[in-house]
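A.B. asks: Sharing a structure below in structure tokens format, with a few things to ask.
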Amino acid sequence: MVLSTFHDEEHRLDYEGFCCPGCGQSMVTLAQMQAYSSARDLKRSKPTKAKITKMGRGVGVVLPSWVKELGFEAGRDVEVSVIELRCIQLELLSPEPKR
Ligand SMILES: [Zn+2]
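For the working numbering, count along the sequence shown from 1 and bump the result up by 2.
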């Protein structure tokens, strides 16, 4: 079994599991299943409001603390891109550091 990343199209969610390189059969451990289900619950949570504030020459937003559960911790690098004119995306650039 090899550690793999799967994609849940319905919930637009990537999650970890194991995949057999021989037959392609996949399985998830209890811990991986719990990580998946808490990430899915986070995706279902209500949108949180925040305010854009001036920070030096740029602007910043204080993200709600629950984003840390998704790996958005202080010091991580993100890529900012435009989804729509009123919607931007923050994407973690590197995989979560091992703890
Ligand atoms: Zn197999």
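Glycine included, each C-beta is placed from N, C-alpha and C at the ideal position.
Because the structure is a prediction, the values reported are computed rather than measured.
Report yes if the C-beta of F19 is less than 8 Å from at least one heavy atom of ligand 1; otherwise report no.
C.D. replies: As a working mapping, residue 19 is identified with position 17 in the sequence shown. The question names Phe, but residue 19 in the sequence shown is Gly. No, the beta carbon of G19 sits no closer than 8 Å to any heavy atom of ligand 1.
A.B. asks: Any chance the stretch 42-54 sits against the stretch 76-85, with 3 or more Cβ pairs inside 8 Å?
C.D. replies: Too few Cβ pairs lie closer than 8 Å, so no.
A.B. asks: Can you determine whether any heavy atom of ligand 1 sits closer than 8 Å to the C-beta of Q27, and answer yes or no?
C.D. replies: If you number the sequence shown from 1, residue 27 lands on position 25. Checking the Cβ of Q27 against ligand 1 gives yes.
A.B. asks: With DSSP as the reference, label E93 as helix, strand or coil.
C.D. replies: Walking along the sequence shown from the start, residue 93 turns up at place 91. Reduced to three states, the DSSP call for E93 is strand.
A.B. asks: Kindly indicate which residue of F20, S96, S67 and R14 has the alpha-carbon position closest to the one of T31.
C.D. replies: Taking the sequence shown and counting its residues from 1, one reaches residue 31 at position 29. Closest by alpha carbon: F20.
A.B. asks: Closer than 8 Å: is that where the CB of C89 sits relative to any heavy atom of ligand 2?
C.D. replies: Ligands displayed in this structure: ligand 1; ligand 2 is not among them.
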